[in-house]
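From first to last, the protein sequence lines stand for chains Y and R.
To get our numbering, take the position in the first sequence, counting from 1, and add 3.
To get our numbering, take the position in the second sequence, counting from 1, and add 3.
Number of protein chains: 2
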Amino acid sequence: MQFCGDTPRSEPPKRVRLVDLAAQLGLTKGTVSRALNDHPDISDQTRLRVRKAAEKLGYRPLSHAQAIRTGRVQSLGLVLQIYEHDAHRPFMAEFLAGLSQAASAEDWTLTVATASSDAQTLDLLDRLTVEKKADGFILPRTKLDDARIEFLRARNVPFVLYGRTRESRGCAWFDIESERSIEDAVTLLARLGHRRIGFVPGAQGYTYAELRRDGYLAGLARGALAHDRQLVAPPAMARDDGAISAATLLDLADPPSAIVCAVDGAALGVYDAARQRGLKIGTDLSVISYDGIPEATLLDPPLSTYRVDTRAAGARLADLLIRRCRGAAPEDLRELGRAAFQARGSHGVAPGAAQPAT
Amino acid sequence: MQFCGDTPRSEPPKRVRLVDLAAQLGLTKGTVSRALNDHPDISDQTRLRVRKAAEKLGYRPLSHAQAIRTGRVQSLGLVLQIYEHDAHRPFMAEFLAGLSQAASAEDWTLTVATASSDAQTLDLLDRLTVEKKADGFILPRTKLDDARIEFLRARNVPFVLYGRTRESRGCAWFDIESERSIEDAVTLLARLGHRRIGFVPGAQGYTYAELRRDGYLAGLARGALAHDRQLVAPPAMARDDGAISAATLLDLADPPSAIVCAVDGAALGVYDAARQRGLKIGTDLSVISYDGIPEATLLDPPLSTYRVDTRAAGARLADLLIRRCRGAAPEDLRELGRAAFQARGSHGVAPGAAQPAT
DNA sequence: TTCGTTTTCGAAACCGGTTTCGGCAACTGT
DNA sequence: ACAGTTGCCGAAACCGGTTTCGAAAACGAA
Numbered sequence: 004m005q006f007c008g009d010t011p012r013s014e015p016p017k018r019v020r021l022v023d024l025a026a027q028l029g030l031t032k033g034t035v036s037r038a039l040n041d042h043p044d045i046s047d048q049t050r051l052r053v054r055k056a057a058e059k060l061g062y063r064p065l066s067h068a069q070a071i072r073t074g075r076v077q078s079l080g081l082v083l084q085i086y087e088h089d090a091h092r093p094f095m096a097e098f099l100a101g102l103s104q105a106a107s108a109e110d111w112t113l114t115v116a117t118a119s120s121d122a123q124t125l126d127l128l129d130r131l132t133v134e135k136k137a138d139g140f141i142l143p144r145t146k147l148d149d150a151r152i153e154f155l156r157a158r159n160v161p162f163v164l165y166g167r168t169r170e171s172r173g174c175a176w177f178d179i180e181s182e183r184s185i186e187d188a189v190t191l192l193a194r195l196g197h198r199r200i201g202f203v204p205g206a207q208g209y210t211y212a213e214l215r216r217d218g219y220l221a222g223l224a225r226g227a228l229a230h231d232r233q234l235v236a237p238p239a240m241a242r243d244d245g246a247i248s249a250a251t252l253l254d255l256a257d258p259p260s261a262i263v264c265a266v267d268g269a270a271l272g273v274y275d276a277a278r279q280r281g282l283k284i285g286t287d288l289s290v291i292s293y294d295g296i297p298e299a300t301l302l303d304p305p306l307s308t309y310r311v312d313t314r315a316a317g318a319r320l321a322d323l324l325i326r327r328c329r330g331a332a333p334e335d336l337r338e339l340g341r342a343a344f345q346a347r348g349s350h351g352v353a354p355g356a357a358q359p360a361t
Numbered sequence: 004m005q006f007c008g009d010t011p012r013s014e015p016p017k018r019v020r021l022v023d024l025a026a027q028l029g030l031t032k033g034t035v036s037r038a039l040n041d042h043p044d045i046s047d048q049t050r051l052r053v054r055k056a057a058e059k060l061g062y063r064p065l066s067h068a069q070a071i072r073t074g075r076v077q078s079l080g081l082v083l084q085i086y087e088h089d090a091h092r093p094f095m096a097e098f099l100a101g102l103s104q105a106a107s108a109e110d111w112t113l114t115v116a117t118a119s120s121d122a123q124t125l126d127l128l129d130r131l132t133v134e135k136k137a138d139g140f141i142l143p144r145t146k147l148d149d150a151r152i153e154f155l156r157a158r159n160v161p162f163v164l165y166g167r168t169r170e171s172r173g174c175a176w177f178d179i180e181s182e183r184s185i186e187d188a189v190t191l192l193a194r195l196g197h198r199r200i201g202f203v204p205g206a207q208g209y210t211y212a213e214l215r216r217d218g219y220l221a222g223l224a225r226g227a228l229a230h231d232r233q234l235v236a237p238p239a240m241a242r243d244d245g246a247i248s249a250a251t252l253l254d255l256a257d258p259p260s261a262i263v264c265a266v267d268g269a270a271l272g273v274y275d276a277a278r279q280r281g282l283k284i285g286t287d288l289s290v291i292s293y294d295g296i297p298e299a300t301l302l303d304p305p306l307s308t309y310r311v312d313t314r315a316a317g318a319r320l321a322d323l324l325i326r327r328c329r330g331a332a333p334e335d336l337r338e339l340g341r342a343a344f345q346a347r348g349s350h351g352v353a354p355g356a357a358q359p360a361t
């Protein structure tokens, strides 16, 4: 009922300011501010009275007015690097949803910017920090040696990695243990009787690509399988180069009976290469991949893959970064998640192998 | 050389403030502020001197400090509604890139939030406006009757629609004339000899869906074809429901020889339904669609579709909104774009028809 | 009762910019 | 030469919050 202006004219709804609230209560704005921010020198009685009045009048502080004194704008920064063929693009919406939801829960917001090169990314980070558009940053797609980390570390700006890095001193991070999933995939295939298991790695430079390669090797070791370098194809991220990588494996003199891909995008190409050679996926050739892109269920047969809950990852990252901005030590802000195996139709017993022991 | 501290300790790089700049110049901060903001009461000589010093010292105003007086935070708001099956999701990254790029060019930033329902969207708009996290909003996926428009209009908050709406009084907007593309598609098919052309519309409620339906009808009229209600399938947005819609058309007693889809997602399902019935796309059944999703090129045969330059659309929207926030009249901020036809393999001469007249 | 603590709040400075106002100096016109 | 403009800048208020400091009031102990 408060501002339902009786005048049919253009009524500027007139924000409720701190002083208005204070006047209404017969207090000074300093007192009201401290009451709302839970300072210990305010009596419980007054605190409660202030809270109720603030609620009733619908008082909401202007975040940039607070920022001028506190130095914190309550905003998470995200600089996305957009590539032509970006395997992670389908997950963008989910990722944003996770970030935004967790940020909103703490009354923070999300400031996003996009860049098309490493240099532009650093430029944006610079601009956003110096103009204080964000209190900290989420760094997706971490590289082993990441210029963004050096940059922010030097300026003492909080950040959280999505992924790990070589030198994690002072870094908070969240990551999915994709190396464990790849290792599990290889182990599973070995149990199914596969003796020659190929691998299509992800793009070099990114930490996750290295880790998944390690996972492949670990899986071979656990399955007591020899490591044949020929079974590691050139890196592939999307359908077209995935087909090329698969071709190099399938055209080997002694081709693999199973292929593990570091990313689903490449697996799409494996299907193409297999079809072209008359190989039936799931029987002639087993494929297990990683990511959980939506198209995976539409393939024939549906692709067995490890699905990442990208929305949940975003939520965790936002939470970690907010805590980091509030002063928590980076060493206490490190988490690992796991991808969930979606057993579908693209993997099976090795051709000519006996039923596996459970 | 300025702040390369000789001390190897943790050097807080100490921002350059307006007063610092003023002291350096022997001026007051008020004068410097006016010089940088091009006030007329500053001599050209002083203005130039200030600009150079600002450049040299690397002075960058704190945007939230400016905001407290000006009321403008230089940020565009974007509230995305995330659906389970969202046909527009693949374009998210491109859209953000366009917005971000155009915003950055004017030194604005982008604040994004996500919602999962209409009510939550309004909540977020409310929070972002009252806390002044954004100066205005971009409203994607406009509906014929859109609650967001009413909401923002009542509060006198600037906004720009991506799409049109029923009552566009006071609305700035950018839109692609998709109805023209659909009309062109139908016309093209008619010229190719198709007499029965089916249509798979988009989800009801959205303006674009209605417009594309109009475009279908207009195309029929231009091709002097009768409108058979049976040729309009149930709405579909994604592959699965697209297949169902296509089935209703293909199982007709007198099925169409061509199908136009309002969105590419549905066209994917049309391929499925056609394959299931042994129809060869491009010869037995022509398909033309709209959107330009990347998968379209990977289909067999590649899908003929009208491609929207989503990045460019984002850039235009950001530009319009910034101008709107700076006071331009909404009536002067309305633009239309066009999608580009990508003639690929999914459409051809009608079965049993003579070569068409040019 | 008296003195020292503690609790609780008011007053005012403060954050980093922008905007208003007034005054000095340099022009203009006669 | 003198009054009236005009150009240009300093001083100070201002935006809407937060934080510091000090003092009054309430409390506790002797």
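A virtual CB, placed ideally from N, CA and C, is assigned to each residue, including glycine.
Note that the structure is a prediction, hence the values are computed from the model and not measured.
Cross-chain neighbours of residue i in chain Y, by beta carbon under 7 Å
| i | result |
| --- | --- |
| K135/R | L65, S66 and H67 |
| T300/R | Those do not exist, as T300/R stays about 10 Å from chain Y at its closest Cβ, beyond 7 Å. |
Residue i and residue j closer than 8 Å at C-beta
| i | j | result |
| --- | --- | --- |
| L39/Y | A321/Y | no |
| L191/R | I200/R | no |
| V82/Y | A105/Y | no |
| R20/R | A175/R | no |
| R183/R | R341/R | yes |
| S181/R | L220/R | no |
| G348/Y | P297/Y | no |
Per-residue contacts from residue i into chain Y (C-beta, under 8 Å)
| i | result |
| --- | --- |
| V352/R | Neighbours of V352/R on chain Y: none; closest Cβ ~29 Å, over 8 Å. |
| L113/R | T114, V115 and A116 |
| V76/R | H67 |
| S248/R | None at all; the shortest Cβ gap to chain Y is about 17 Å. |
Contacts of residue i in chain R (Cβ-Cβ under 9 Å)
| i | result |
| --- | --- |
| T34/Y | None at all; the shortest Cβ gap to chain R is about 21 Å. |
| L83/Y | A96, L99, A100 and S103 |
| S292/Y | Ordered by position in chain R, no residue passes the 9 Å Cβ test against S292/Y, which lies about 17 Å from the chain. |
Within chain R, the residues that residue i reaches when beta carbons sit closer than 8 Å
| i | result |
| --- | --- |
| Q104/Y | T117 |
| R92/Y | P93, M95 and A96 |
| R242/Y | L301 |
| I71/Y | L65, H67, A68 and I71 |
Under the three-state DSSP convention, the category residue i falls into
| i | result |
| --- | --- |
| R310/R | strand |
| R337/R | strand |
| Q233/R | helix |
| D9/Y | Confidence at D9/Y is low in this model, with a pLDDT of 33, below 50, so its placement is unreliable and the value that follows should be read with caution. Coil. |
| A208/R | Sequence inspection shows Gly at residue 208/R; the Ala mentioned does not correspond to that position. Coil at G208/R, not helix or strand. |
| Y62/Y | coil |
| A360/Y | With a pLDDT of only 49 at A360/Y, under the threshold of 50, the placement of this residue in the model should not be trusted, and no figure is reported. |
| Y219/R | helix |
| S181/R | helix |
| D294/R | strand |
| V263/Y | strand |
| V189/R | helix |
| L255/Y | coil |
| I247/R | helix |
| S78/R | strand |
| V203/R | strand |
| I325/Y | helix |
| L99/R | helix |
| V352/Y | coil |
| L302/Y | coil |
Contacts of residue i in chain R (Cβ-Cβ under 7 Å)
| i | result |
| --- | --- |
| L324/Y | Simply none; closest approach about 16 Å. |
Residue i beta carbon near the ligand COA (any heavy atom closer than 7 Å)
| i | result |
| --- | --- |
| V311/R | The ligand COA is not among the ligands present in this structure, which contains no ligands whatsoever. |
Residue i: contacting residues in chain Y (beta-carbon distance under 9 Å)
| i | result |
| --- | --- |
| S289/R | Per Cβ cutoff of 9 Å: no residues; S289/R is ~23 Å from chain Y at best. |
Exercise. In the stretch 101–174 of chain Y, which residue ranges form an unbroken beta strand (DSSP E) of at least 3 residues, counting only runs that do not cross its ends?
Worked result: 112–118, 139–142 and 162–165
For this session: Report the residues of the stretch 153–175 of chain Y with a CB closer than 8 Å to any CB of chain R, ordered along the chain.
Result: R158 and N159
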